[in-house]
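Asker: The following block contains the structure, expressed as structure tokens.
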Amino acid sequence: MNDHIVSTYDDELKEVRTIVTQMGDLAANQLREAMLALRDLDIEKAKAVRLSDKKLDAMEVTAERTVIGVFARRAPVANDLREVVSALKMTTMIERMGDYAKNIAKRTFALSDGALVVMPQMLDKMATEAHQMIENVLEAYVQRSAEQAVAVWESDEALDGMYNLTYRTILARMMETPEHIGELTHYLMIAKNIERIGDQATNVAEQIHYAITGDNLEEVRAKNDETSVELFEQD
Amino acid sequence: MNNATPETDSDARHAKPKMAAKGVNVFYGDNHAIKDINLDLYADEVTSLIGPSGCGKSTFLRCLNRMNDTIPICRVSGEILLEDENIYTSGIDVVQLRARVGMVFQKPNPFPKSIYDNVAYGPRIHGLAVHRSDLDEVVTTSLEKAGLWNEVKDRLDSSGTALSGGQQQRLCIARAIAVNPEVILMDEPCSALDPIATAKIEALIDELSGRYAIIIVTHSMQQAARISQKTAFFHLGEMVEYGNTTEIFTSPKEDRTRDYITGRIG
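Quick note, the sequences are listed as chains G and Y, same order. Count along the first sequence from 1, add 264, and you get the number used in our numbering. Count along the second sequence from 1, add 81, and you get the number used in our numbering.
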């Protein structure tokens with residue numbers, strides 16, 4: 265594609281892309297740090313995650329201002345319009361990823377106060393998968409690849425599957441050790457947080473696909489999260 | 082969003098185009114200025130023609146009421162139908178045609194006559210008003226439709242050329258609609274006007290769009306996006322893309338359209 269005749273327009277779009285990418289990198293890092301803090305019940309690290317979330321919030325504000333500036337100055341159309349609208353939505357989604365990571369850190373404080381309950385191993389696997397989704401979706405964004413975006417979009421199913429498994433595992437442990445239901449509930453919520461991060465990465469993938477192609481990925485996708493529609497039955 | 086059939090809804094809505102260009106080519110001497118244009122224009126729509134200078138959009142517009150006839154080296158081939166009748170067949174009364182297909186130009190060009198006479202001129206020569214009271218009626222309603230009545234009702238005898246640029250342009254629109262046209266052609270009607278006068282013309286186009294087929298050539302992409310339902314992009318004498326304006330400005334199908342409207346080629 266040609267550059268714009270007005271080169272400062274290209275500079276502004278580049279600036280938007282840079283902020284979105286930096287936000288994505290920070291969100292991925294937040295998830296990793298939150299999981300390390302959780303594994304070691306490391307309070308200092310958990311505090312650092314909560315502090316970094318403020319930085320992510322501030323970046324969202326900067327991104328918003330930058331995009332509004334592009335609208336005001338350039339009245340973007342066609343692919344430029346799709347790009348800046350998508351960027352605006354993506355920053356909100358990435359900021360939400362950060363909120364979920366922050367929530368994991370918050371629960372780490374609670375868990376470090378209570379009885380020592382071993383962390384379900386599946387949480388680590390889920391976090392690794394979600395982290396990979398963020399990295400892949402950022403790669404799709406940087407490479408302007410609709411195909412890579414679709415691949416991320418499809419990979420959410422695997423994370424949903426892991427969440428279902430984790431949910432059942434934690435529920436089983438609750439029955440085995442009802443005295444730890446408090447701690448295990450925190451782990452269950454953490455699993456849900458990670459699953460939601462995957463959902464946000466999927467939403468980002470949809471935005472990238474729209475920005476590049478102008479087409480919406482199927483609005484109704486196969487939902488693999490069964491836990492919200494089933495009741496637990498005790499044997 | 083279904084890219085394959087973006088026009089389905091509106092196609093079903095209006096059965097027959099008011100005007101239709103079929104395989105239209107225009108030559109200026111050896112210069113092939115317009116290449117095989119096929120385009121339907123509907124009665125209840127505003128159609129914008131956009132494209133860089135020299136792309137042929139104004140040339141095409143001028144074919145629609147045979148304004149190109151006045152250029153000796155200009156040759157038009159193909160068919161342009163107005164209600165099934167080819168306007169280029171011999172025996173067509175061109176004066177009559179231009180009453181049915183009116184035109185508003187880039188630079189407001191009122192006659193050096195009174196405001197009243199500017200509007201009354203067309204109805205007079207076409208015999209649309211016999212009595213003075215009929216003529217008064219046509220002048221009043223035309224000026225009202227053009228959104229100019231309140232500004233000029235107390236000075237209908239003043240010269241049309243004494244009005245401001247925006248008012249002169251609305252006077253020219255009143256003059257065009259005084260003869261009950263079916264189609265109004267506008268060749269960059271706002272490019273000589275300030276933003277406020279432009280906004281008034283755009284509001285007027287919006288008002289008139291239900292009553293006449295309006296085809297407008299504009300250099301302002303934002304104007305095309307604001308006022309038209311259909312947009313055609315011309316480049317190097319070809320019509321590169323035609324479709325719903327919203328589609329064209331969010332997801333154009335052709336790379337050339339995209340590069341032009343986003344400011345990558347000029």
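Cβ coordinates follow ideal geometry from the N, Cα and C atoms, glycine included.
Is H395 (chain G) buried or exposed, if buried means 16 or more other CB atoms sit within 10 Å of its CB?
Answerer: By the neighbour-count rule (16 or more Cβ atoms within 10 Å), H395 (chain G) is buried.
Asker: If you measure from the beta carbon of A124 (chain Y) to each beta carbon in chain G, is any gap under 9 Å?
Answerer: For A124 (chain Y), the answer is no, since every Cβ of chain G falls outside 9 Å of its Cβ.
Asker: To the nearest angstrom, how far is the alpha carbon of V382 (chain G) from that of Y431 (chain G)?
Answerer: If I take the Cα positions, the gap works out to 15 Å.
Asker: Using a Cβ-Cβ cutoff of less than 8 Å, which residues in the same chain neighbour A227 (chain Y) once the five nearest sequence positions on both sides are dropped?
Answerer: Around A227 (chain Y): R251, L252, I254, A255, I258, L285.
Asker: Answer yes or no: do R143 (chain Y) and F108 (chain Y) have a C-beta to C-beta separation smaller than 9 Å?
Answerer: It is not a contact, given that the beta carbons lie outside the stated cut-off.
Asker: Determine which residues of the stretch 324–343 of chain G have a Cβ less than 9 Å from any Cβ of chain Y, and write them out in chain order.
Answerer: Going along the stretch 324–343 of chain G in chain order, one finds R338, A339, P340, V341, A342, N343 with a Cβ nearer than 9 Å to chain Y.
Asker: Can you name the start and end residues of the beta strand (DSSP E) that H113 (chain Y) belongs to?
Answerer: Unbroken beta strand (DSSP E) run through H113 (chain Y): 112–122.
Asker: Look at A475 (chain G) and R346 (chain G) and say whether their C-beta atoms are less than 9 Å apart.
Answerer: Yes.
Asker: Runs of 4 residues minimum, wholly inside the stretch 159–214 of chain Y: which ones carry the alpha helix (DSSP H) assignment?
Answerer: Fully enclosed alpha helix (DSSP H) runs of 4 or longer: 175–181, 196–206.
Asker: Quick one, are the C-beta atoms of I168 (chain Y) and N149 (chain Y) less than 9 Å apart?
Answerer: Cβ distance not < 9 Å, so I168 (chain Y) and N149 (chain Y) don't count as in contact.
Asker: Please say whether M397 (chain G) and Y427 (chain G) have beta carbons closer to each other than 9 Å?
Answerer: Cβ distance not < 9 Å, so Y427 (chain G) and M397 (chain G) don't count as in contact.
Asker: Using a cut-off of 7 Å between C-beta atoms, extract the partners of I269 (chain G) located in chain Y.
Answerer: Here the neighbours are G344, R345, G347.
Asker: Could you tell me which uninterrupted alpha helix (DSSP H) segments, each at least 4 residues in length, are contained entirely in the stretch 131–157 of chain Y, listed from first to last along the chain?
Answerer: Segments of the alpha helix (DSSP H) lying fully in the stretch 131–157 of chain Y: 138–144.
Asker: Is the distance from the Cβ of E269 (chain Y) to the Cβ of I308 (chain Y) below 9 Å?
Answerer: Against a cut-off of 9 Å, the Cβ pair of I308 (chain Y) and E269 (chain Y) comes out as no contact.
Asker: Do the stretch 320–337 of chain Y and the stretch 158–166 of chain Y touch if we need at least three Cβ pairs shorter than 8 Å?
Answerer: As far as the Cβ criterion goes, the stretch 320–337 of chain Y does not touch the stretch 158–166 of chain Y, which means the pair count is below three.
Asker: Since I believe E470 (chain G) is in contact with L452 (chain G) (beta carbons under 8 Å), could you give me their beta-carbon distance rounded to a whole number of angstroms?
Answerer: With a Cβ gap of about 27 Å, L452 (chain G) and E470 (chain G) do not count as contacting.
Asker: How many angstroms separate the CA atom of D235 (chain Y) from the CA atom of V211 (chain Y)?
Answerer: When rounded, the distance between both Cα atoms is 24 Å.
Asker: Note down the Cα distance separating S214 (chain Y) from I196 (chain Y), rounded to an integer number of angstroms.
Answerer: Those two C-alpha atoms are separated by around 17 Å.
Asker: Let me confirm a value: E447 (chain G) is counted as buried when at least 16 other C-beta atoms fall within 10 Å, else exposed. Which label applies?
Answerer: By the neighbour-count rule (16 or more Cβ atoms within 10 Å), E447 (chain G) is buried.
Asker: Name, please, each residue of chain G whose Cβ falls closer than 8 Å to the Cβ of T331 (chain Y).
Answerer: Under the 8 Å cutoff, chain G gives V341, A342, L345, R346, G478.
Asker: Select from Y:V105, Y:L317, Y:I265, Y:S332 the residue whose C-alpha is nearest the C-alpha of P133 (chain Y).
Answerer: Of the candidates Y:V105, Y:L317, Y:I265, Y:S332, the one whose C-alpha sits nearest the C-alpha of P133 (chain Y) is Y:L317.
Asker: Quick one: grab the DSSP three-state call for T102 (chain Y).
Answerer: The sequence as given places Ala at residue 102 (chain Y); Thr does not occur at that position. Reduced to three states, the DSSP call for A102 (chain Y) is strand.
Asker: Could you tell me whether any Cβ in chain Y is nearer than 9 Å to the Cβ of Y273 (chain G)?
Answerer: With 9 Å as the cut-off, Y273 (chain G) counts as an interface residue toward chain Y.
Asker: In the stretch 280–338 of chain G, which residue ranges form an unbroken alpha helix (DSSP H) of at least 4 residues, counting only runs that do not cross its ends?
Answerer: If we require 4 residues or more, the alpha helix (DSSP H) runs fully inside the stretch 280–338 of chain G come out as 307–338.
Asker: Name the one or two DSSP bridge partners that H450 (chain G) has.
Answerer: Paired residues: none, contrary to the question.
Asker: So what's Y293 (chain Y) in DSSP terms, helix, strand or just coil?
Answerer: Residue state, collapsed to three classes: coil.
Asker: To which residues of the same chain is S376 (chain G) closer than 7 Å at the C-beta, ignoring the five residues directly before and after it?
Answerer: The answer, listed in chain order, is L305, I307.
Asker: Determine, for E265 (chain G), whether the minimum Cβ-Cβ distance to residues of chain Y falls below 9 Å.
Answerer: Per the sequence presented here, residue 265 (chain G) reads as Met, with Glu not at that position. Yes, contact with chain Y.
Asker: At a CB-CB cut-off below 7 Å, which residues of chain G make contact with Q303 (chain Y)?
Answerer: By Cβ distance, chain G contributes A339.
Asker: For R339 (chain Y), which residues in chain G fall below 7 Å Cβ to Cβ?
Answerer: Simply A342, N343.
Asker: Roughly how many angstroms separate the alpha carbons of F335 (chain G) and V321 (chain Y), rounded to a whole number?
Answerer: Cα to Cα, the separation comes out at about 27 Å.
Asker: Would you mind working out which of Y:V264, Y:T343, Y:E232 sits nearest L178 (chain Y), comparing C-alpha positions?
Answerer: Closest by alpha carbon: Y:V264.
Asker: With a threshold of 9 Å between beta-carbons, can A306 (chain Y) be considered close to chain G, or not?
Answerer: At least one chain G Cβ lies under 9 Å of A306 (chain Y).
Asker: Can you check DSSP and say which residues form a bridge with E322 (chain Y)?
Answerer: Beta-bridge pairing links E322 (chain Y) to Y:F314.
Asker: Indicate whether M299 (chain G) and I368 (chain G) have their beta-carbon atoms separated by less than 9 Å.
Answerer: Contact flag set, yes.
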